[in-house]
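I have placed the structure first, in the form of structure tokens, so that the comments after it can refer back to it.
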């Protein structure tokens, strides 16, 4: 099905990288990681803008659209999962850098310091450490949905079905944003 796409609100302000990297993520301590996180956060904000503002209408009738509709169904679910993937990357990088600075138990092999390994480092006796307890359900939810990137496994997981992703869209995305803001305030 062909469609013409446009933005409901065509204006978006892109946040500058330097203030985000230098000030917001100052607790990270590693300038390269700070900058990498800032780049991903800049894109995440743009991606969410697109998700919230992208509209479509009948192909060839953009000047006088017979209807205006938001992204929906599996296409919207894919965009939500992509946003979660970027948010998960930000959380993984920040939590890993902080865990390394604090000497938390991480895999000795740098290549095995996965998001799951980083999450376990922030747990003590099966419970989240105090600094992350308030956002722990959000971090775990982001990790779970981020793992839907493994399509063979996701094909057999009813939670990965696009309808379920859409049902939890608002809570999932807001939880991811809240977790990012919270982690940015944690000191090394």
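Residue numbers (our numbering): 6 to 193.
Ideal Cβ positions, reconstructed from N, Cα and C, are used throughout, including at glycine.
As the structure is a prediction and not an experimental result, all values here were calculated from the model.
- Query: What three-state label does DSSP hand residue 75 in the structure shown?
  - Reply: Position 70 of the chain shown, counted from the start, is the residue given in the question as residue 75. Looking at residue 75 - three-state DSSP - the assignment turns out to be strand.
- Cα separation between residue 90 and residue 73? Taking the chain shown and counting its residues from 1, the one referred to as residue 90 is at position 85. Taking the chain shown and counting its residues from 1, the one referred to as residue 73 is at position 68. Cα-Cα distance, rounded: 28 Å.
- Message: Would residue 47 and residue 25 qualify as a contact pair, given that the criterion is a beta-carbon distance under 8 Å?
- Response: Numbered from 1 along the chain shown, position 42 holds the residue referred to as residue 47. Numbered from 1 along the chain shown, position 20 holds the residue referred to as residue 25. It is a contact, given that the beta carbons lie within the stated cut-off.
- Query: residue 105: buried (16+ other C-beta within 10 angstroms of its C-beta) or exposed?
  - Reply: On the chain shown, position 100 is the one that residue 105 refers to. Burial call: buried.
- Query: Thinking C-beta only, is residue 35 closer than 8 Å to residue 126?
  - Reply: For the purposes of this step, residue 126 is identified with residue 121 of the chain shown, where counting begins at 1. For the purposes of this step, residue 35 is identified with residue 30 of the chain shown, where counting begins at 1. Remark: C-beta atoms of residue 126 and residue 35 do not approach each other more closely than 8 Å.
- Could you tell me whether the Cβ atoms of residue 159 and residue 153 are closer together than 8 Å? As a first step, residue 159 is located in the chain shown; it is residue number 154 there, counting from the start. As a first step, residue 153 is located in the chain shown; it is residue number 148 there, counting from the start. With a cutoff of 8 Å on beta-carbon distance, residue 159 and residue 153 are scored as near each other.
- Task: Measure from the alpha carbon of residue 170 to the alpha carbon of each residue in 7, 78, 50, then state which is nearest.
- Result: The count along the chain shown starts at 1 and reaches residue 170 at position 165. Selected option, being the one with the closest Cα: 78.
- Look at the alpha carbon of residue 179 and the alpha carbon of residue 186, and state the distance between them as a whole number of angstroms. Here residue 179 refers to the residue found at position 174 of the chain shown. Here residue 186 refers to the residue found at position 181 of the chain shown. C-alpha of residue 179 to C-alpha of residue 186: approximately 11 Å in a straight line.
- Query: Excluding the five sequence neighbours on either side, which residues of its own chain have a C-beta within less than 7 Å of the C-beta of residue 81, listed in chain order?
  - Reply: Numbered from its first residue, the chain shown carries residue 81 at position 76. Contacts found: 171.
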